[in-house]
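A quick write-up on the structure given underneath.
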Amino acid sequence: MLQIRRDLVDAMVAHARRDHPDEACGVIAGPEGTDRPERFIPMLNAARSPTFYEFDSADLLKLYRDMDAHDEVPVVIYHSHTATEAYPSRTDAKIAAEPDAHYVLISTRDPHEHELRSFRIVDGLITEEPVEVVESYRFAHTGPDDFPEPSAL
Amino acid sequence: MAVTVSIPTILRTHTGGEKSVPAAGATVAEVIDHLEASHGGLKQRLVKDGVLHRFVNIYVNDEDVRFAGGLEAKVADGDNLTILPAVAGGAR
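So the sequences go chain by chain: A and B.
Just so you know, my numbering puts 13 at position 13 of the first sequence, and the rest follows in order with no gaps.
Offset between the second sequence (1-based) and my numbering: plus 153.
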């Protein structure tokens, strides 16, 4: 399952709309080991194409060094499809090389309604997963330890 | 030339989980062959038909080797090599 904050979803969709009809792409980094997307990092699509995306190789190095410096990993790798469904293509599955990432696809084929779906892609195998959009991570899970003391309310 | 090679997550199965390994060679090709000798299976993930795999990037320090001669790019003592799979895909 992908649990993700609403503002991050909005940011990805806005990016996809902005770059339409070219495919938009980017990463949402998060602290290693937490599986929590936190830092939105839109990337330039060096291919600037309506049917292909690729991070520029210099940008890619900078990105990974930057994430490394912050002890982050790419929790979400997103890109848009501008005329097809929000499902990984054969090319997407073949090239995907981050087995721990959530691959988010956004389709902007409809000018009014976007589609957003998330997938794991491991060894070329695609598995869809549900997306849970939350207002914040702090209150996403409640339990006895998370409930504030009455006096604090 | 003694160098250090950063290994991306997806290739760490070949290095026993290590994210950084030492290697040697005067060119990127030699470094890869040296890596293959101690971490079998790595080369075929990097090289296809004698050239660098289209969706694998290798950098010597900050430079993408594609701009420095590809597999024949020179490597100096103390250099850091970084291997990063491309992040790419498409509609089809």
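C-beta: ideal position from N, C-alpha, C; glycine also.
- Residues of the same chain with a CB within less than 8 Å of the CB of Glu-171 of chain B, apart from the 5 flanking positions on each side, are Ile-160 and Arg-165 in chain order.
- Shown here, Lys-196 of chain B sits in a helix according to DSSP, grouped into three states.
- Counting along the chain, the unbroken beta strand (DSSP E) around Tyr-53 of chain A starts and ends at 52-54.
- For Phe-55 of chain A, the nearest beta carbon of chain B is closer than 9 Å to its own beta carbon.
- Here DSSP, grouped into helix, strand and coil, assigns Ser-89 of chain A to coil.
- Under the 9 Å criterion on CB atoms, Ile-163 of chain B is classed as interfacial with respect to chain A.
- In the DSSP assignment, Ile-121 of chain A forms a beta bridge with A:Ile-126.
- Close to Gly-170 of chain B, with beta-carbon spacing below 8 Å, lies no residue of chain A; the smallest spacing is near 14 Å.
- The closest CA to that of Thr-51 of chain A, considering only B:Ala-155, B:Thr-162 and B:Ala-241, is found on B:Ala-241.
- Looking at the DSSP output, Met-12 of chain A bridges to nothing.
- Val-158 of chain B is positioned such that its CB atom lies no closer than 9 Å to that of Leu-224 of chain B.
- Of the other Cβ atoms in all chains shown, fewer than 16 fall within 10 Å of the Cβ of Leu-125 of chain A; this residue is therefore exposed.
- Residue range 57-69 is occupied by the alpha helix (DSSP H) that includes Tyr-64 of chain A.
- Among the CB atoms of chain B, one or more fall inside 9 Å of the CB of Arg-90 of chain A.
- Per DSSP, the unbroken alpha helix (DSSP H) holding Ser-191 of chain B starts and ends at 181-191.
- In this structure, DSSP gives Ile-163 of chain B a helical state, which the three-state scheme calls helix.
- Going by DSSP, Asn-233 of chain B is part of the beta strand (DSSP E) stretching over 233-238.
- Against chain B, a Cβ distance below 7 Å from Tyr-64 of chain A picks out Leu-237.
- Counting only Cβ-Cβ distances below 7 Å, Asp-217 of chain B has contacts in chain A at Ser-57 and Ala-58, in chain order.
- For Val-218 of chain B, the three-state secondary structure derived from DSSP is helix.
- Of the other Cβ atoms in all chains shown, fewer than 16 fall within 10 Å of the Cβ of Asn-214 of chain B; this residue is therefore exposed.
- Using a C-beta cut-off of 8 Å, the stretch 51-62 of chain A makes contact with the stretch 23-33 of chain A, since at least three inter-stretch Cβ pairs fall below that distance.
- Taking C-beta separations shorter than 8 Å and ignoring five residues to either side along the sequence, the partners of Arg-36 of chain A in its chain run Gln-3, Gly-30, Val-75 and Tyr-137, following chain order.
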